[in-house]
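Residues 1133 to 1206 in this note's numbering are what the sequence shown lists, from first letter to last.
Structure record follows, encoded as structure tokens.
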Amino acid sequence: MMKKEAEQAVRSLCHSWQAKFHPDKGSQEINVSDFLSWLKQAHPEVFDFRTKSFAPADFVEMWADQEFKQSWRN
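Set out below in structure tokens:
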């Protein structure tokens, strides 16, 4: 998977996961760690791309934080 494809998938999956598992919670109430745990189990391919700067997991977490409006965590 290319980095751009992984990013698109993660951003989309954030909203799908929230709608399915936490439809009553706002983005800022979401536990990003819960999402990342689910993502590792359900879609491990999004962690498999090449990068020169950071580990793929760091990018995945950053994208999730942005989608859930929790960028302040980083």
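Where is the CB? At the ideal position from N, CA and C, for every residue including glycine.
The structure presented is a predicted model; accordingly, all values stated were derived computationally and were not measured.
Simplified DSSP state of residue i, which is helix, strand or coil
| i | result |
| --- | --- |
| S1148 | helix |
| F1156 | It is Asp, not Phe, that sits at residue 1156 in the sequence shown. Reduced to three states, the DSSP call for D1156 is coil. |
| A1141 | helix |
| K1136 | helix |
| S1165 | helix |
Reference residue i; option with closest CA among the options
| i | options | result |
| --- | --- | --- |
| F1153 | E1193, A1141, R1182 and L1171 | L1171 |
| E1199 | A1138, K1184, R1143 and V1178 | R1143 |
| W1149 | M1133, M1134, R1182 and A1174 | A1174 |
| D1197 | K1184, I1162 and K1135 | I1162 |
Any non-hydrogen atom of the ligand COA within 8 Å of residue i CB
| i | result |
| --- | --- |
| T1183 | Annotation note on the ligand COA: not contained in the displayed structure, which lists no ligands. |
Bounding residues of the alpha helix (DSSP H) (the contiguous stretch that carries residue i)
| i | result |
| --- | --- |
| E1177 | Neither: E1177 is in no alpha helix (DSSP H) and is coded neither H nor E. |
| A1196 | P1188 to E1199 |
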